[in-house]
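Take a look at the structure below.
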Ligand code: PHE
């Protein structure tokens with residue numbers, strides 16, 4: 045019964061594609077490129093890579109080892125390390141549930157835009173005759189419409205997750221992830237034919253980017269932004285890789301995957317920048333960040349390209365949907381796996397379908413305030429804490445990416461590195477004669493480098509929140 049509800053990956057490729065599918069998402073497509081441009085361009089890239097290597101690779105390996113060794117989802121996995129560590133698992137389960145609450149809304153926006161460009165392509169009126177800013181403002185100000193597209197997204201993802209690991213998640217990713225990379229390449233190649241596209245490269249890869257974005261370089265801020273972005277982008281510190289690890293074949297080389305997945309994620313992030321900025325600059329746009337970049341700026345960019353813009357726009361938003369769905373299904377999987385495992389442990393087994401249904405409903409409820417908040421236009425954004433952070437999406441993000449994820453990462457390193465000792469995870473990584481790629485590197489990082497870097501990030505976040 046347990047096996048039937050839990051499921052397993054059918055092989056290496058399915059696992060890697062699903063882990064990359066989880067990692068590559070909206071964070072790569074819009075978060076990374078604009079944060080890079082606004083925080084120093086090339087220097088930011090270097091800082092980001094330091095975090096990817098010394099925190100991303102390490103935590104990725106650790107989470108997969110915890111998952112496979114215990115064979116459980118985060119709460120039970122951490123509890124089997126010691127009952128007092130159960131709360132670390134809880135941090136990791138709550139995070140994906142909260143993130144799904146806004147992530148599903150953002151994918152819903154992309155569904156609306158895909159539909160819009162499809163209509164324009166066949167000669168219809170996809171955006172009510174409005175330009176980027178006006179349409180986005182009008183659309184987000186109608187919570188019922190936004191909610192409708194969110195429901196479509198959640199229902200679609202719920203069905204995939206209900207299909208199980210090899211029958212649903214893997215199947216989607218085997219098509220979706222190669223498709224995503226192909227679409228990225230098509231758009232990048234097209235971009236390079238545009239006049240003025242080289243400004244996009246200047247923006248991304250030189251320190252001139254700061255002036256173009258109208259920002260100044262601040263080392264501490266760049267570190268904080270890079271670290272949060274890295275955790276979010278690699279899907280770390282929230283139990284995803286613990287859960288995926290629990291479905292992983294024992295023959296699989298964990299340490300190798302721990303290098304490959306962040307590398308693929310970082311490559312996708314840089315490619316996303318190449319798919320966005322040359323076009324933005326070629327059409328005389330400005331590199332404004334956040335949701336505005338992904339929807340308002342790009343909408344205007346595609347529209348100004350004439351009829352080919354409708355095709356490129358359509359392809360681009362299909363790409364966003366692929367990337368978003370493959371990430372959202374991993375978030376929903378963690379939540380559902382927790383529900384399946386915890387009921388199993390209580391001796392009240394629940395079917396995968398029912399577990400997914402319950403979790404989808406919980407996520408739906410969490411997405412309602414996000415829709416009603418209208419990206420800062422609603423009453424919720426006036427609440428004292430929320431208004432200090434930004435809007436409600438920023439608040440969900442602040443608690444997860446800013447606090448819970450780094451905290452979970454630090455605690456996992458300390459528990460495994462200091463309490464359990466390196467043999468605990470090395471034994472798992474070396475199963476079936478696998479060699480650990482960077483054994484000494486993992487040892488030193490888990491004990492010292494990763495927790496120190498992550499603590500530094502948490503402290504700089506607290507200081508920046510307090511305005512120091
Ligand atoms: N990593 C995904 C992205 O970059 C988002 C995500 C976050 C997915 C957390 C799963 C878990 O968009």
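In this note's numbering, the protein residues as written are 45 to 512.
Every residue gets a Cβ at the ideal spot worked out from N, C-alpha and C, and that includes glycine.
All of these numbers come straight from a predicted model, not from anything done at the bench.
{"Asked": "Residue 52 CB to nearest heavy atom of the ligand PHE below 8 angstroms", "Found": "no"}
{"Asked": "Contact shell at 6 angstroms, judged by CB to any heavy atom of the ligand GDP, ordered along the chain", "Found": "Only the ligand PHE can be found as ligands here, which leaves the ligand GDP out of the picture."}
{"Asked": "Exposure of residue 326, with buried meaning 16 or more beta-carbon neighbours within 10 Å", "Found": "buried"}
{"Asked": "Backbone CA spacing between residue 127 and residue 291 [nearest angstrom]", "Found": "22 angstroms"}
{"Asked": "Distance, residue 267 Cα to residue 495 Cα", "Found": "15 angstroms"}
{"Asked": "Inter-stretch contact at 8 angstroms, needing at least 3 Cβ pairs: the region 357-369 / the region 154-169", "Found": "yes"}
{"Asked": "As assigned by DSSP and simplified to three states, the class of residue 327", "Found": "coil"}
{"Asked": "For residue 250, three-class secondary structure by DSSP", "Found": "coil"}
{"Asked": "For residue 130, the three-state DSSP class (helix, strand or coil)", "Found": "helix"}
{"Asked": "Nearest residue (CA-CA) to residue 130, options 253, 139 and 118", "Found": "118"}
{"Asked": "Buried or exposed (CB count within 10 angstroms, at least 16 for buried), residue 26", "Found": "With the chain covering 45 to 512 only, the question about residue 26 has no answer from this structure."}
{"Asked": "Nonlocal neighbours in the same chain, by C-beta distance under 7 angstroms from residue 397, ignoring five residues either side", "Found": "206"}
{"Asked": "Uninterrupted alpha helix (DSSP H) stretches inside the region 221-270 (no shorter than 4 residues)", "Found": "242-249 and 252-257"}
{"Asked": "Coil, strand or helix - residue 454 by DSSP", "Found": "helix"}
{"Asked": "Span separating the alpha-carbon of residue 403 from that of residue 240", "Found": "47 angstroms"}
{"Asked": "Rounded C-alpha distance that separates residue 424 from residue 195", "Found": "21 angstroms"}
{"Asked": "Cβ-based burial, residue 392 [other Cβ within 10 Å; buried from 16]", "Found": "exposed"}
{"Asked": "For residue 82, three-class secondary structure by DSSP", "Found": "helix"}
{"Asked": "Same chain only: Cβ atoms within 6 angstroms of residue 259, ignoring 5 sequence neighbours per side", "Found": "82"}
{"Asked": "Same chain only: Cβ atoms within 8 angstroms of residue 387, ignoring 5 sequence neighbours per side", "Found": "393, 394 and 399"}
{"Asked": "DSSP state of residue 307 mapped onto helix, strand, coil", "Found": "helix"}
{"Asked": "Beta-carbon proximity of residue 475 to residue 215, cut-off 9 angstroms", "Found": "no"}
{"Asked": "Simplified DSSP state of residue 474, which is helix, strand or coil", "Found": "coil"}
{"Asked": "Residue range of the unbroken alpha helix (DSSP H) whose run includes residue 294", "Found": "No alpha helix (DSSP H) contains residue 294, which DSSP labels as neither H nor E."}
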